[in-house]
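J.: Numbering (the working numbering), first residue to last: 202 to 268.
C-beta atoms are modelled at their ideal positions from N, C-alpha and C, and glycine is treated no differently.
Sharing a structure here in structure tokens format.
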């Protein structure tokens, strides 16, 4: 999947460890991007994941602003 994403313009696929908590996984990904210098404050981040809503997981597409 990472190689396929690399063919898309403007993507930089990375592999990170997943947590049982989707929110924690997103935080790890954002920290990785900051630490690697791949994002700057104010950059738009598109996050495709699932999030916990009560007892269920919901597929989401989020637009976040990098800190």
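Where do the ends of the beta strand (DSSP E) carrying residue 240 lie?
T.: Per DSSP, residue 240 belongs to no beta strand (DSSP E) and is neither H nor E.
J.: Am I right that residue 250 and residue 227 are in contact with their C-beta atoms under 8 Å? What's the rounded C-beta distance?
T.: 6 Å
J.: If you draw a straight line from the C-alpha of residue 256 to the C-alpha of residue 220, how long is it?
T.: Rounded to the nearest angstrom, the two C-alpha atoms are 16 Å apart.
J.: Between the beta-carbon of residue 252 and the beta-carbon of residue 265, is there less than 8 Å?
T.: No Cβ-Cβ contact shorter than 8 Å links residue 252 with residue 265.
J.: The beta strand (DSSP E) that contains residue 254, what's its start and end?
T.: Looking at the DSSP string, the run of the beta strand (DSSP E) that includes residue 254 is 245-254.
J.: Going by C-alpha to C-alpha distance, which of 223, 218, 239 and 229 sits closest to residue 212?
T.: 239
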